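Which chain is which? The protein sequence lines are G and R, in order. Just so we're aligned: 47 in full-length UniProt numbering is position 47 of the first sequence, and the numbers increase by one with no gaps anywhere. Just so we're aligned: 37 in full-length UniProt numbering is position 37 of the second sequence, and the numbers increase by one with no gaps anywhere. Ideal Cβ placement from N, Cα and C applies to all residues, glycine included. Given the structure is predicted, the values throughout are model-derived calculations rather than measurements.
2 protein chains.
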Amino acid sequence: MSPDSEPEPEPGTLRPGGRTARVRTAVLRAAGDVLAERGVDRLDLSDVARRAEVGKTTVYRRWGSVPALVADLLVDMAEQSLPREETGSLLGDLRAGALLVQRTLADPRRGALFRAVIAAATCDARTAAALRHFYEVQVTEWAPCVEQAVARGELPAGTDPSQVVRAVSAPLYYELLTTGTAPDAPAAERAALAARAAAVAGVYVHGQRLMG
Amino acid sequence: MSPDSEPEPEPGTLRPGGRTARVRTAVLRAAGDVLAERGVDRLDLSDVARRAEVGKTTVYRRWGSVPALVADLLVDMAEQSLPREETGSLLGDLRAGALLVQRTLADPRRGALFRAVIAAATCDARTAAALRHFYEVQVTEWAPCVEQAVARGELPAGTDPSQVVRAVSAPLYYELLTTGTAPDAPAAERAALAARAAAVAGVYVHGQRLMG
């Protein structure tokens with residue numbers, strides 16, 4: 001049977017663990033490698049097929065374009081992302097989240113991959129939508145740590161969980177993107193402490209009024 | 001006299017306000033327009049020369065490559081950046097800084113330009129160095145507002161001015177780069193309030209020890 005002779009389902013919809021899933025895993029792994037090594041400009045479906053040892057026709061038929069492939073990679077990254085830790089305190093939870101982001105951005109392959117995907121999102125709407133979805137998944141995963149902190153009385157009622165979760169990530173991404181240097185563990189600690197301090201002060205309460 | 005017949009100095013070193021400066025202004029304006037409209041991948045020196053109504057040879061001889069042109073654009077952006085406001089209070093100063101960043105990123109041309117330059121910096125070392133320098137200039141300009149707040153007793157001694165200044169910008173850039181949406185005025189207000197709350201809590205004190 002030729003590698004391209006079976007009907008092509010939507011990525012990942014058929015027989016998880018079967019050939020469809022194995023092909024997707026190999027192709028997304030190869031796409032991630034190319035992105036991390038060379039950036040989105042050099043991402044080429046034929047090259048990805050060769051690296052993944054998958055028929056070129058399969059890759060073209062199933063993904064069709066570089067933005068579609070990057071979008072599927074982001075879907076996979078969201079699916080693979082680690083569940084949040086529950087430490088029992090807001091600072092412990094925010095610290096765990098900050099360290100997860102910091103380690104991801106400081107990892108040579110994953111840090112380069114995030115820089116490439118964020119760069120790609122600046123000039124392609126489909127990639128931008130997939131990136132936005134990726135972060136929405138992360139925020140949804142981590143939001144309960146803020147809700148629990150409100151319930152425990154650690155944070156004011158009405159605190160917007162997504163604002164707090166995003167406040168933890170923001171300085172780490174900003175450092176990577178504006179200095180080109182991966183954030184270190186003390187930067188993660190500062191990110192967690194800063195997000196907590198701001199949240200405790202009520203900065204992320206919904207409908208927060210301007211205050212002097 | 002042909003447009004390319006005079007000796008070519010380093011950009012901007014000769015007769016400010018003269019032909020050299022006028023050529024640089026026109027070329028950088030055109031380069032910024034192309035970057036904002038189409039991104040760095042489509043930036044082409046011949047196209048820039050045509051838009052700037054400057055001889056192609058001049059552009060190639062003076063800048064030589066796209067990364068060199070983008071680096072010079074960032075030097076110019078740093079030179080053109082507005083002086084900081086002094087309001088007499090830390091929150092007032094941070095708010096002014098946050099609104100400056102927010103308005104820049106929400107401006108269609110300048111927001112697109114920053115996204116393009118940040119994307120370009122992810123895959124070119126020269127652009128990355130120029131971008132880093134751009135932000136160092138901004139931090140140097142705004143650091144005194146933190147030093148004055150320490151002197152007034154609004155912030156703990158040993159607070160790192162660059163950490164505070166960068167904390168104001170981080171959530172605004174993070175929003176633009178991960179959601180594709182320009183931050184609004186309430187986001188600027190939250191950024192200023194959050195940076196102040198974290199700074200007041202001592203998060204940005206040099207050599208800050210981990211705390212529970």
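Contact note: Gly180/R reaches chain G through Ala121, Ala128 and Arg132, using a C-beta cutoff of 7 Å and chain order.
Spanning the alpha carbons of Leu177/R and Glu37/G requires a straight line of approximately 21 Å. Ala49/R and Pro144/G have their C-alpha atoms spaced approximately 54 Å apart. In the three-state reduction of the DSSP assignment, Thr159/G falls in the strand class, which pools E and B. Of the other Cβ atoms in all chains shown, fewer than 16 fall within 10 Å of the Cβ of Leu82/R; this residue is therefore exposed.
Residue state for Val54/G is assigned as coil, using DSSP reduced to three classes. For a Cβ distance threshold of 7 Å, residue set Tyr174 of chain R lies close to Ser169/G, ordered along the chain. Nearest to Ala157/G by C-alpha distance, out of Tyr174/G, Pro171/G, His206/G and Ala78/G, is His206/G. Among the residues of the region 143 to 158 of chain G, none has a Cβ less than 8 Å away from any Cβ of chain R.
Put simply, of Glu189/G, Ala195/G, Tyr174/G and Ala130/G the residue whose alpha carbon is nearest the alpha carbon of Asp160/G is Ala195/G. In the same chain as Glu141/G, and ignoring 5 residues on each side of it, the C-beta atoms closer than 6 Å to its own belong to Arg84, in chain order. Val205/G carries a strand assignment under DSSP once its states are collapsed to helix, strand and coil. Ranked by Cα distance from Glu136/R, the first of Met77/R, Ala187/R, Leu99/R and Pro108/R is Met77/R.
Around the CB of Ser169/G, 16 or more other CB atoms lie within 10 Å, so the residue is classed as buried. If you draw a straight line from the Cα of Glu147/R to the Cα of Gln163/R, it is about 12 Å long. Boundaries of the alpha helix (DSSP H) around Val27/G: Arg19 to Arg38. Boundaries of the alpha helix (DSSP H) harbouring Asp76/R: Val66 to Gln80, taken from the DSSP string. In chain order, Gln102 and Ala106 place their CB closer than 8 Å to the CB of Asp184/G, counting only its own chain and leaving out the 5 sequence neighbours on each side. Taking the beta carbon of Val34/G as reference, no residue of chain R falls within 9 Å; the closest one sits roughly 13 Å away. By alpha-carbon distance to Arg95/R, the top candidate from Gly202/R, Arg62/R and Arg190/R is Arg190/R. At a cut-off of 7 Å between beta-carbon atoms, Gly39/R makes contact with chain G. The three-state secondary structure of Cys145/R, taken from DSSP, is helix. Using a CB distance cut-off of 7 Å, Val23/G does not count as an interface residue toward chain R. Within the region 53 to 78 of chain G, not one residue has a Cβ closer than 7 Å to any Cβ of chain R. Taking a beta-carbon distance threshold of 7 Å, Arg190/R counts as an interface residue toward chain G. Taking the Cα positions, Arg109/R is about 43 Å away from Ser89/G. Going by DSSP, Gly97/G is part of the alpha helix (DSSP H) stretching over Leu90 to Ala106.
Per DSSP, reduced to three states, the secondary structure at Pro83/G is coil, with no helix or strand assignment. Straight-line measurement puts the Cα of Ala151/G at about 44 Å from the Cα of Ala120/R. Nearest Cα to Ala52/R within the set Val34/R, Arg61/R and Ser65/R: Val34/R. Rounded to whole angstroms, Ala21/R and Thr87/G show a C-alpha spacing of 59 Å. Only Arg115 and Ala116 from the region 95 to 116 of chain R bring a Cβ to less than 8 Å from some Cβ of chain G.
Chain G has no Cβ within less than 7 Å of the Cβ of Val139/R.
CA-CA distance, Pro186/R to Leu28/R, rounds to 32 Å.
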